[in-house]
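Notes follow the structure.
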Amino acid sequence: MARRPVDEDVPYRDRRMSLADHLREFRKRLLIAAAALVVGMIVSFILTDSIILAMTEPIRVVAEERGEVGEVTLMFATVTSAFDLRIRISFAVGLLISAPVWLWQIWAFLMPGLTRKEVKYTFGFVASAVPLFFAGAFFGWLILPHLVELMAGFTPVGASNFYDAKYYYDFVFKLLLVVGVSFVTPVFLVALNLAGVMTGKEIMKGWRVAIVIATVFAGAATPAADIVSMLVLAVILTVLFFAAAGLSMLFDRRRRKRDAELLGTSA
1 MARRPVDEDV PYRDRRMSLA DHLREFRKRL LIAAAALVVG MIVSFILTDS
51 IILAMTEPIR VVAEERGEVG EVTLMFATVT SAFDLRIRIS FAVGLLISAP
101 VWLWQIWAFL MPGLTRKEVK YTFGFVASAV PLFFAGAFFG WLILPHLVEL
151 MAGFTPVGAS NFYDAKYYYD FVFKLLLVVG VSFVTPVFLV ALNLAGVMTG
201 KEIMKGWRVA IVIATVFAGA ATPAADIVSM LVLAVILTVL FFAAAGLSML
251 FDRRRRKRDA ELLGTSA
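By the UniProt record's numbering, the letter at position 130 of the sequence shown is numbered 130, and the numbering carries on one by one without gaps.
Printed below as a string of structure tokens:
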């Protein structure tokens, strides 16, 4: 018995819901996601001592190198700033810990209205973007000590470094976020190609600009004295760009081949 072809442009689930049903479904998904986030924050709050210890390791290295142990330290400027730092860390790490749950809740809420083709593309996007983001964040974590040490080198003789806890946390968080997102950028290029916004050749034409942007970004994200880290980051971003362009050109080729077969069939 011949298998019936699957229409990828129809909803993944043919289930019609009223507005009230959608609102009840949304409330259910939201409550589950919120509960997972709270659990993740509780676990993260318990681990904040270890997280803060790892975050402040570059500060201790600077203190030892300058021979000013006790004078180069993390500073809490207000009565509640220590608690505020723990809450900030708990929220950020709890968001990561609970990500599988709340991402699934978003997916489960949206999936009935998506076509099979969109479901397939979404799976591919998430499967590519998540590992790349964490790889970028990990690279940012490796860069962090060099940045702190370099900036501390500009402190004049006789002065001491007191790092405000709130600003230090924001600096670390933004560094990891920016480098992580930069690693995901090629996935967005592929997504634009799949959406028909850009062709693979159009993406490839911008290779010179991409190399310049990757080099400038690597130079801004890494210390000027750490040439190796800058080159490694620039090369990684450039390779990811060419991989995205090559994959987009492959998709374009498959799309042209499929269109030609359809025209040949219809003729």
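Glycine is no exception: its CB is placed at the ideal position from the N, C-alpha and C atoms.
Computed from a prediction, not measured in an experiment: that's the story for all the values here.
Assign residue i to one of two classes, buried (16 or more other C-beta atoms within 10 Å of its C-beta) or exposed (fewer than that).
i: Met1; result: Note that Met1 has pLDDT 45, beneath the 50 cutoff, so the model's placement of it is unreliable and the number below is only indicative. The residue is exposed, with fewer than 16 neighbouring Cβ atoms inside 10 Å.
i: Val212; result: exposed
i: Val184; result: buried
i: Gly246; result: exposed
i: Ile46; result: exposed
i: Gly196; result: exposed
i: Phe139; result: buried
i: Ala214; result: buried
i: Ile143; result: buried
i: Ala77; result: exposed
i: Met75; result: exposed
List the whole-angstrom C-beta distance separating residue i from residue j, where the pair is believed to meet the contact cut-off of C-beta under 8 Å.
i: Val132; j: Val187; result: The question names Val, but residue 132 in the sequence shown is Leu. Yes, they are in contact, since the Cβ atoms of Leu132 and Val187 sit about 6 Å apart, within 8 Å.
i: Pro58; j: Pro156; result: At roughly 20 Å, the Cβ-Cβ gap does not stay under 8 Å, so Pro58 and Pro156 are not in contact.
i: Met41; j: Ser90; result: 5 Å
i: Trp102; j: Leu37; result: 6 Å
i: Asn161; j: Ser248; result: Not confirmed; about 47 Å, so no contact.
What do you reckon, is the C-beta of residue i under 8 Å from a heavy atom of the ligand HEM?
i: Leu262; result: The model depicted lacks the ligand HEM and carries no ligand whatsoever.
Rounded to whole angstroms, what's the CA-CA distance from residue i to residue j? Just pull it up for me.
i: Ala20; j: Asp259; result: 42 Å
i: Phe134; j: Ser128; result: 11 Å
i: Glu65; j: Val148; result: 12 Å
i: Pro100; j: Val181; result: 19 Å
i: Glu25; j: Phe241; result: 39 Å
i: Thr48; j: Val79; result: 18 Å
i: Asp170; j: Leu85; result: 10 Å
Would residue i pass as a contact of residue j if the rule is Cβ separation under 9 Å?
i: Gly94; j: Val172; result: no
i: Ala234; j: Ile203; result: no
i: Gly206; j: Leu250; result: no
i: Ala137; j: Leu177; result: yes
i: Tyr167; j: Thr73; result: no
i: Ala210; j: Leu231; result: no
i: Ser98; j: Ala33; result: yes
i: Phe109; j: Arg29; result: yes
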